[in-house]
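A quick write-up on the structure given underneath.
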Amino acid sequence: LTVADTGTGIPENQLDRIFRPFFTTKTRGTGLGLAVCQKIMQAQGGSIVVSSEVGRGTEVTLSFPY
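Heads up: the sequence shown at position 36 corresponds to 455 in our numbering, and the numbers run straight through without jumps.
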């Protein structure tokens with residue numbers, strides 16, 4: 420499953436950290452969302468991959484085992 424947008428993108432220095440628990444760029448929020456998603460995918464034998472280009476957008480791919 421791939422979801423993509425054409426938003427502002429994620430800077431490379433942040434892309435390295437988006438799956439770290441408590442990492443956030445927001446003033447509100449816990450920074451746990453992507454960390455939890457990654458743990459769930461890994462526990463089920465799947466994966467989550469994010470690619471992004473500043474000024475072009477972001478693509479998130481979830482790969483589920485079958």
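Heads up, the beta-carbon is just placed ideally off N, CA and C, and yes, glycines get one too. What you are looking at is a predicted structure, and each value in this text was computed from that prediction instead of being measured.
Item, Value
"According to DSSP, A462 sits in a beta bridge with which residue or residues?", "Paired residue(s): none; A462 is not in a bridge."
"Tell me which residue opens and which closes the alpha helix (DSSP H) that L434 is part of.", "E431 to L434"
"How should Q395 be labelled, buried or exposed, when 16 other C-beta atoms within 10 angstroms of its C-beta is the threshold for buried?", "Residue 395 lies beyond the range of the chain shown here (420 to 485); nothing can be said about it."
"Considering L481, what are the terminal residues of the beta strand (DSSP E) in which it resides?", "G476 to S482"
"Between L420 and F441, what straight-line distance do the alpha-carbon atoms span, to the nearest angstrom?", "25 Å"
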